[in-house]
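Undergrad: Sending over a structure as structure tokens; questions will come in a sec.
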Amino acid sequence: MAAVEAKGIPHVVLFPFLAHGHVPAFLRLAGLLRALRPGLDVTLVSTPRLLGSLTLPPASPPVRLHALPFAPAEHGLPPGADSLSDIQVHQFITFFRASESLRPAFEKFVSGIGSPVCIVADAFFGWTAEVARARGASHAVFLPGGAFGNAVFFSVWEHLPHAATAADEFPLPDFPDVVLHRTQIPRYMLAATGDDPWTAFFRRVIAFCRETDAILVNTVQELEPSGLDMLRRSFGVQPWPVGPVLAAPPTPTPSSDSRDDDASIIRWLDTHPPRSVLYISFGSQNSINADQMTELALGLEASGRPFLWALRPPVGFDAKSAFRPEWLPAGFEERTAARAKANTAGLLVRGWAPQMRILSHPSTGAFLSHCGWNSVLESLSRGVPLIGWPLGAEQFFNAKLAVEWGVCVEVARGNLESSAVESGAVAEAVRAVMGETAKGDEMRRKAVAIARIMEAAWEAPGGSAAQSLEGFLRCVETSIHGQPMKKL
Numbered sequence: 000m001a002a003v004e005a006k007g008i009p010h011v012v013l014f015p016f017l018a019h020g021h022v023p024a025f026l027r028l029a030g031l032l033r034a035l036r037p038g039l040d041v042t043l044v045s046t047p048r049l050l051g052s053l054t055l056p057p058a059s060p061p062v063r064l065h066a067l068p069f070a071p072a073e074h075g076l077p078p079g080a081d082s083l084s085d086i087q088v089h090q091f092i093t094f095f096r097a098s099e100s101l102r103p104a105f106e107k108f109v110s111g112i113g114s115p116v117c118i119v120a121d122a123f124f125g126w127t128a129e130v131a132r133a134r135g136a137s138h139a140v141f142l143p144g145g146a147f148g149n150a151v152f153f154s155v156w157e158h159l160p161h162a163a164t165a166a167d168e169f170p171l172p173d174f175p176d177v178v179l180h181r182t183q184i185p186r187y188m189l190a191a192t193g194d195d196p197w198t199a200f201f202r203r204v205i206a207f208c209r210e211t212d213a214i215l216v217n218t219v220q221e222l223e224p225s226g227l228d229m230l231r232r233s234f235g236v237q238p239w240p241v242g243p244v245l246a247a248p249p250t251p252t253p254s255s256d257s258r259d260d261d262a263s264i265i266r267w268l269d270t271h272p273p274r275s276v277l278y279i280s281f282g283s284q285n286s287i288n289a290d291q292m293t294e295l296a297l298g299l300e301a302s303g304r305p306f307l308w309a310l311r312p313p314v315g316f317d318a319k320s321a322f323r324p325e326w327l328p329a330g331f332e333e334r335t336a337a338r339a340k341a342n343t344a345g346l347l348v349r350g351w352a353p354q355m356r357i358l359s360h361p362s363t364g365a366f367l368s369h370c371g372w373n374s375v376l377e378s379l380s381r382g383v384p385l386i387g388w389p390l391g392a393e394q395f396f397n398a399k400l401a402v403e404w405g406v407c408v409e410v411a412r413g414n415l416e417s418s419a420v421e422s423g424a425v426a427e428a429v430r431a432v433m434g435e436t437a438k439g440d441e442m443r444r445k446a447v448a449i450a451r452i453m454e455a456a457w458e459a460p461g462g463s464a465a466q467s468l469e470g471f472l473r474c475v476e477t478s479i480h481g482q483p484m485k486k487l
């Protein structure tokens, strides 16, 4: 591998977690780094299968790729399970622990780089901070999620406050102003005792992250000052808000309609009035249970609004299997299609949908989402308000934040058998957010205001995100000359 010749310019090694939602954010971060430091040497590290699935944007010099050997079958996982999307939720902890086996190969790779190094790793790979110390390199954790969501997520794993009380509501010990409800605690947190593998893993992650030099966060200073302060207090290092780290808004071109399915979706949206269509998606990793799917379908039907639903099999079934008609109410698909003349038809998309193109379309009026951070940012960057249905991880806390911003109505929580949702509540939420009501108008106004804040963050050179990433790079460059990043 060629070393960077210019003194004071590091070779940046990016190490995203093995999840399809994390890798694109790191690639986009590479582009932002290159925009500020043209010619910067950047290497993205991952497994062979994940790297082989990437389509890299043109760049000069190109982003380097380095594959680390990974044998999931040796850890009790299915062969070829290189990503979270390849496994069921109950296998996640096995996958998390298996990912730690990448450390020896990563250490060997970093030790072979001849130039100054800056490692930017996912929090799940917090152990890379120790690798950086041994190598004399600088280190940063990049959080593709938001500040508040991550700060609360790590706090709950560290303290397990729900296990210390029988009450339904409880404050966080380190952030007493934040009060959570038991329904906002993900499944494996609820079952945690402090001696279980999940708690042990995440407490290792937290301890490693406290050894980092800095934290890069996919958020905007103006939107999350409190969340950023929570991260600073929790980890004792400077958080640098560099968001929104998002793909560029889509530009309609003949080539962008190369997928027939995508083109048909956009043509369907073209037939609807502005802000009239509800988009529904629970992300690439999540789904609701079969009973909830029935109630959601009936609620959508009762709302009288046109909708576009990206369908995945219910939780507990193979996410990559074909969608079965019996998972929807009898006659649902036929009835929604028959409403086309009244412009209230529904479009059911099985599997993946071009989310950013859908959210950017003028016909899209709201997004019923699991509130994964990338989905929250994509929706609000287009001025589209949210109907929240968080399912796991920090999604509950992202939804809480979006509700506080006034751009989200929560319709349900979780996908457990005990997580009830009623079709009437779904219909009511859809009407409230999408209707010509005072609440709907206010949510749309606030969503548009947030979109403007996000856009301004990357208006170079004075935008807050542009200034933040520049500040981080200067600290890295200074550290090469002997000044520790933590003291800057």
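No gaps in the numbering here: position 181 of the sequence shown is 180 in the numbering used here, and each next residue is one more.
All residues carry an ideal CB built from backbone N, CA and C; glycine is no exception.
Owing to the predicted nature of the structure, the values given are computational and were not obtained by experimental measurement.
1. Is the Cβ-Cβ distance between ILE287 and ASN414 less than 7 angstroms?
2. Let me know the secondary structure DSSP gives GLN291 once reduced to three states.
3. Mind pulling the alpha helix (DSSP H) runs of 4 or more residues that sit fully within the region 137-224?
4. Beta strand (DSSP E) containing PRO238: first to last residue?
5. Let me make sure I understand the geometry here. Which of LEU472, PHE281, PHE201 and ILE112 has the alpha-carbon closest to that of ARG96?
6. Would you mind stating whether TRP372 and GLY193 have Cβ atoms separated by less than 7 angstroms?
7. Cβ of ALA352 within 7 angstroms of Cβ of ALA344?
8. Report the rounded CA-to-CA distance for ALA131 versus SER417, giving the unit in angstroms.
9. Taking DSSP as the reference, what is the three-state secondary structure of TRP351?
10. Comparing C-alpha positions only, which one of SER98, PRO328 and HIS138 sits nearest to SER489?
11. Pop quiz: SER467 and ALA301 are said to be a contact at Cβ under 8 angstroms. What is the actual Cβ separation, rounded to whole angstroms?
12. Using the beta-carbon count (16 or more within 10 Å), is THR46 buried or exposed?
13. For LEU13, which three-state DSSP category applies?
14. Measuring only the C-alpha atoms, how far is ALA80 from ILE386?
15. Helix or strand or just coil, what does DSSP make of ASP121?
16. So what does CYS407 bridge to, in DSSP terms?
17. Evaluate the contact criterion for the region 273-281 versus the region 348-363: three or more CB pairs, one atom per stretch, below 8 angstroms.
18. Between LYS107 and the ligand COA, is the CB less than 6 angstroms from at least one heavy atom?
19. Since LEU13 contacts VAL119 with CB under 8 angstroms, what's their CB separation in whole angstroms?
20. What do you get for LEU55, buried or exposed, if any count of 16 or more other CB atoms within 10 angstroms of its CB means buried?
21. Measuring CA to CA, which of GLU294, GLY350, MET355 and PHE316 is closest to LEU327?
22. Output needed for ALA431: all residues of its chain with C-beta closer than 8 angstroms, excluding positions within five of it in sequence on either side, in chain order.
23. Comparing the C-beta of PHE152 with each C-beta of chain B, is any distance below 7 angstroms?
TA: So, from the data block:
1. In contact: ILE287 and ASN414 (Cβ atoms closer than 7 angstroms).
2. Helix.
3. Fully enclosed alpha helix (DSSP H) runs of 4 or longer: 146-158, 186-189 and 196-208.
4. PRO238: member of the beta strand (DSSP E) spanning 237-240, first to last residue.
5. When only C-alpha atoms are compared, the closest one is PHE201.
6. Contact flag unset, no.
7. No, they are not a contact pair.
8. Taking the straight line from one Cα to the other gives about 45 angstroms.
9. TRP351 falls in the coil class under three-state DSSP.
10. Past the edges of the chain, shown from 0 to 487, lies residue 489, and the structure says nothing about it.
11. Contact between SER467 and ALA301 does not hold, since their C-beta atoms are separated by about 45 angstroms, which reaches or exceeds 8 angstroms.
12. By the neighbour-count rule (16 or more Cβ atoms within 10 Å), THR46 is buried.
13. If DSSP states are grouped into helix, strand and coil, LEU13 belongs with the strands.
14. Answer to the nearest angstrom: the Cα atoms are 32 angstroms apart.
15. Assignment of ASP121 by DSSP, reduced to helix, strand and coil, places it in the strand class.
16. Answer is LEU385.
17. Under the Cβ criterion (8 angstroms, minimum of three pairs), the region 273-281 counts as touching the region 348-363.
18. By its list of ligands, the structure shown contains no ligand whatsoever, and the ligand COA lies outside what it can speak to.
19. Right, their Cβ atoms sit about 5 angstroms apart.
20. The residue in question, LEU55, is exposed, as its Cβ has fewer than 16 Cβ neighbours within 10 Å.
21. Looking at the Cα atoms, GLU294 is the closest of the given residues.
22. Cβ neighbours of ALA431 beyond the five flanking positions: VAL408, LYS438 and GLY439.
23. As a matter of chain content, chain B is missing from the structure shown, which is built from one protein chain.
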